[in-house]
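Chemist:
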Amino acid sequence: MIEARLHLQRPGFELSLDAHLPATGVTALFGPSGCGKTTVLRAIAGLERAAGRVVVAGEVWQDDSTGRWVPPHRRALGYVIQEAALFPHLDVNQNLQYGLRRVPAAQRQVPLEQVVELLGIGHLMQRRTTSLSGGERQRVAIARALATSPRLLLMDEPLAALDAARKAEVLPYLDRLQASLRIPVLYVSHSLEEVARLADHLVLMAAGKALAIGPLSDVLSRVDLPQAFGDEAGVVLQARVTERDPSWQLVRLALQGSACTLWARDQGHALQQPVRLRLLARDVGLAISPQSGSSIGNQLPGTVVVMAPDQHPALMLVKVQLQAQAGPPGGADDQPPAVLARLTRRSVQELGLQVGTSVWVLVKMVALMEAVAGSAR
Amino acid sequence: MTAADWSAVRLTAELAATSTFVLLLVGTPLAWWLARTPSALKPLWASLITLPLVLPPTVLGFYLLLLMGPAGPVGELTRALGIGGLPFTFAGLVVASVISSLPFVVQPLQQAFEAISPRTLEAAATLRAGPWDRFFTVVVPLARPGFLTATVLGFAHTVGEFGVVLMIGGNIPERTRVLSVAVYDHVEAAQFEAAHQLAGLMVVFALAVVLLLYLVNRRRHDSPALA
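Heads up: the protein sequence lines correspond to chains U and V, in order.
Per my numbering, the very first residue in the first sequence carries number 1; after that it's consecutive.
Per my numbering, the very first residue in the second sequence carries number 1001; after that it's consecutive.
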């Protein structure tokens, strides 16, 4: 468990956070510029002094009530920032050794070879840091932080300085990292796409406060936060590839916790491989009866559970719970997934939608183009 | 050259070496503070340290003499400590040289320190390096050109100092008569050949120093590794 109770007052800005975050997986701090997410990360690292209490994996790093303050260099954390901040006077290998050498041998849990292999930087070891590309620099910075076997990895917009191609180069390494090292990550980002791909938990921030904290799909499927997500409001769905149709280059995806399946373009994932789908509310339509003679290739049965006003007065956000899996009800993990649909108020009235209405969720196969292939978690 | 001239050369080298050592010891923390402090007093301190650069050396020497003299506060302190008076001693020369050469050491160091990104130091902190560790493994190597410039300029300026040295040290053979004073003596006594020898020596030395600095800085700009 990561406990962060932080309070900070600056001219024109007040940070006030009280969060208990899981010590597993990736927790994203998402919000607009200036909402205080970087300050939270810096305060947890001890690089900035906020009033409050910070506890990571049972270790108290700061507790103002007892006067305890552990300086940053005594906190078992890894910190990666946008600029990478590699040491220009050292080569790649010396950069990796810098942190590693300062960790007592008994506390080293992540072998350097594994880190080097994970981030694919073996061929860069003797290079000067100034000759690296942006993506390579970022991978070295991540490896350098991991080499210290941190109890917590803090990442502040690690991909923000990279163009789309470099981003696509680094992202798979972040996926692999989660799959093979069990180090919890706090990930600051203003890109919902990155968050949807990487995060398991989400802290949604605005103006120095947390608007919502919870599992990623729970927070994303809330209808009371349209301002926070804007045009990108939508859900993330967990699915598995169950069937491949080579004649059309399509795959069938079975949604976790639901009997529903979706057809989407084949992105080359193996059968049974778990994937993450990102489904934006604006790409989802609703109908009160199954449609025929339409190009929409995915129709999923569900029930309206919440309706709420959207950011524009003409629009509404409708949350639909998909049909649960047939058979005995499973555990909490098998909660049927929900999707968000962004509709006009006129459509809502014409269809006579109310809470409890049975509907068909219409998703163009093409809309799953937005789908993000995720990793096995 | 006479034995007296050689003793002036030796004394000058000793004075410059000692002063440079003290200058780095005092100048480094000062430059670090000036480079990092958000204090509102920073311009005042920076100006005070720069003052010897613009003041006539005799003015500086005059005030130092008053401070260190028997009636001055520093003089009273040194006597109370049992060190005795500083004027007309080697220690007095060192103190005066350090103060008059301080800007030549502090400014290059301050610039070198300011060029180091705070992010780089924070990265070192999150990699388990404590404050001293960070200073010696990140700041010093990254500021190495600044340290080199500061050392050379501090040494050279101490060698070239005349006014302050004359005011504080006077002209005592073997004890406070340094090269620049010895040249003055020779010229006053119309011993132009002897003056030529010492003056020529100093020209060669000064040229070598400036050339060295120039070459070092050029190599730094050419090298992609430190770009």
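All residues carry an ideal CB built from backbone N, CA and C; glycine is no exception.
Determine the extent of the alpha helix (DSSP H) in which Glu193(U) is found, giving its start and end residues.
Modeler: As a first step, residue 193(U) must be located in the first sequence, where it is residue number 193. Here the alpha helix (DSSP H) through Glu193(U) covers 192-198.
Chemist: Going along the chain, which residues of its own chain have a beta-carbon closer than 6 Å to the beta-carbon of Glu1174(V), five neighbours each way excluded?
Modeler: Within the second sequence, the letter at position 174 stands for residue 1174(V). Around Glu1174(V): Ser1007.
Chemist: Hey, Cys260(U) and Leu322(U) are a contact pair by Cβ (cut 8 Å); roughly how many whole angstroms apart?
Modeler: Here the question's residue 260(U) lines up with position 260 in the first sequence. Here the question's residue 322(U) lines up with position 322 in the first sequence. About 5 Å; that satisfies the 8 Å criterion.
Chemist: Counting C-beta neighbours from all protein chains within 10 Å, is the total for Phe1192(V) 16 or more, i.e. buried, or is it exposed?
Modeler: Locating residue 1192(V) in the second sequence gives position 192, where the first residue counts as 1. Classification for Phe1192(V): exposed.
Chemist: Can you pull the chain U residues whose beta carbon is under 7 Å from the beta carbon of Gly1146(V), in chain order?
Modeler: Along the second sequence, one-based indexing puts residue 1146(V) at 146. Under the 7 Å cutoff, chain U gives no residues; its nearest Cβ is about 13 Å from Gly1146(V).
Chemist: Check the Cβ-Cβ distances between Ala1112(V) and every residue of chain U, and say whether any is below 7 Å.
Modeler: Taking the first residue of the second sequence as position 1, residue 1112(V) is located at position 112. Chain U, which has no Cβ nearer than 7 Å to the Cβ of Ala1112(V), makes this no.
Chemist: Write down the C-beta distance between Val140(U) and Val80(U) rounded to the nearest angstrom, noting that I regard them as a contact closer than 8 Å.
Modeler: Your numbering for residue 140(U) matches position 140 in the first sequence. Your numbering for residue 80(U) matches position 80 in the first sequence. That pair is no contact at about 10 Å.
Chemist: Is Asp218(U) helix, strand or coil when you go by DSSP?
Modeler: One-based indexing of the first sequence puts residue 218(U) at position 218. Helix at Asp218(U).
Chemist: Below 8 Å on the Cβ atoms is my contact criterion, and I expect Leu211(U) with Ala228(U) to pass it. Report the Cβ-Cβ distance as a whole number of Å.
Modeler: Locating residue 211(U) in the first sequence gives position 211, where the first residue counts as 1. Locating residue 228(U) in the first sequence gives position 228, where the first residue counts as 1. Indeed, because the Cβ distance is near 6 Å, the residues count as touching under 8 Å.
Chemist: How would you write the range of the alpha helix (DSSP H) that Glu1188(V) sits in, first residue to last?
Modeler: The residue given as residue 1188(V) occupies position 188 in the second sequence. Element bounds for Glu1188(V): 1179-1188.
Chemist: For Thr27(U), which residues in the same chain have their Cβ closer than 6 Å to its Cβ, ignoring the five residues on either side in sequence?
Modeler: By 1-based counting over the first sequence, the position of residue 27(U) is 27. So the list reads Leu21, Leu186, His201, once near-sequence residues are dropped.
Chemist: With Gln238(U) as the anchor, note down where its alpha helix (DSSP H) starts and where it stops.
Modeler: As a working mapping, residue 238(U) is identified with position 238 in the first sequence. Segment 234-245 is the beta strand (DSSP E) holding Gln238(U); no alpha helix (DSSP H) there.
Chemist: Taking the alpha-carbon of Ala389(U) as reference, which of Glu3(U), Arg128(U), Ser294(U), Arg108(U) has the nearest alpha-carbon?
Modeler: Summary: the structure shown does not reach residue 389(U), with chain U confined to residues 1 through 377, and so no result is reported for it.
Chemist: Buried or exposed for Asn1217(V), going by 16 or more other Cβ atoms inside 10 Å?
Modeler: Residue numbering aside, residue 1217(V) sits at position 217 when the second sequence is read from its first letter. Label assigned to Asn1217(V): exposed.
Chemist: Please give the ranges of any alpha helix (DSSP H) in the stretch 136-187 of chain U, keeping only runs that are unbroken, at least 4 residues long and fully inside the region.
Modeler: 164-180
Chemist: Rank Leu118(U), Leu154(U), Leu159(U), Phe87(U) by C-alpha distance to the C-alpha of Leu1142(V) and give the top, closest one.
Modeler: Within the second sequence, numbered from 1, the residue matching residue 1142(V) stands at position 142. For Leu1142(V), the nearest C-alpha among the options comes from Phe87(U).
Chemist: How big is the Cα-Cα spacing for Gly302(U) and Ile213(U)?
Modeler: Counted from its first residue, the first sequence places residue 302(U) at position 302. Counted from its first residue, the first sequence places residue 213(U) at position 213. If you draw a straight line from the Cα of Gly302(U) to the Cα of Ile213(U), it comes to about 26 Å.
Chemist: Got a sec? Which residues, its chain only, sit under 7 Å from Gly1092(V) by beta carbon, not counting five neighbours each side?
Modeler: Within the second sequence, the letter at position 92 stands for residue 1092(V). If we look at Gly1092(V) and ignore the five residues flanking it on each side, its Cβ neighbours are Met1068, Leu1086, Ile1168, Gly1169.
Chemist: What is the rounded straight-line gap between the Cα of Ala1031(V) and the Cα of Leu1053(V)?
Modeler: Here the question's residue 1031(V) lines up with position 31 in the second sequence. Here the question's residue 1053(V) lines up with position 53 in the second sequence. Approximately 16 Å between the Cα atoms of the pair.
Chemist: Starting from the Cα of Ala1199(V), find the closest Cα among Ser1180(V), Val1106(V), Ala1189(V) and give me that residue.
Modeler: Within the second sequence, residue 1199(V) is the residue found at index 199, counting from 1. Comparing Cα positions, the closest option is Ser1180(V).
Chemist: Using the Cβ count rule (16 or more neighbours within 10 Å means buried), how would you classify Pro1224(V)?
Modeler: As a first step, residue 1224(V) is located in the second sequence; it is residue number 224 there, counting from the start. Low per-residue confidence applies at Pro1224(V): pLDDT is 42, beneath 50, and the placement is therefore not dependable, though the value from the model is reported in the following sentence. Pro1224(V) is exposed by the Cβ-count criterion.
Chemist: Can you give me the start and stop residues for the beta strand (DSSP E) that Met316(U) sits inside?
Modeler: As a working note, residue 316(U) is residue 316 in the first sequence. Note, Met316(U): beta strand (DSSP E), 315-322.
Chemist: Listing by chain order, which chain U residues have their CB less than 9 Å from the CB of Pro1141(V)?
Modeler: By 1-based counting over the second sequence, the position of residue 1141(V) is 141. Ordered by position in chain U, the residues that pass the 9 Å Cβ test against Pro1141(V) are Phe87, His89, Leu90.
Chemist: Any beta carbon of chain U sitting closer than 7 Å to that of Gly1130(V)?
Modeler: Here residue 1130(V) refers to the residue found at position 130 of the second sequence. Chain U, which has a Cβ nearer than 7 Å to the Cβ of Gly1130(V), makes this yes.
Chemist: Report the option in Pro158(U), Arg342(U), Thr24(U) whose CA atom is closest to the CA atom of Lys279(U).
Modeler: If you number the first sequence from 1, residue 279(U) lands on position 279. According to the sequence as given, residue 279(U) is Leu; it is not Lys. If we check each option's Cα against that of Leu279(U), Arg342(U) comes out closest.
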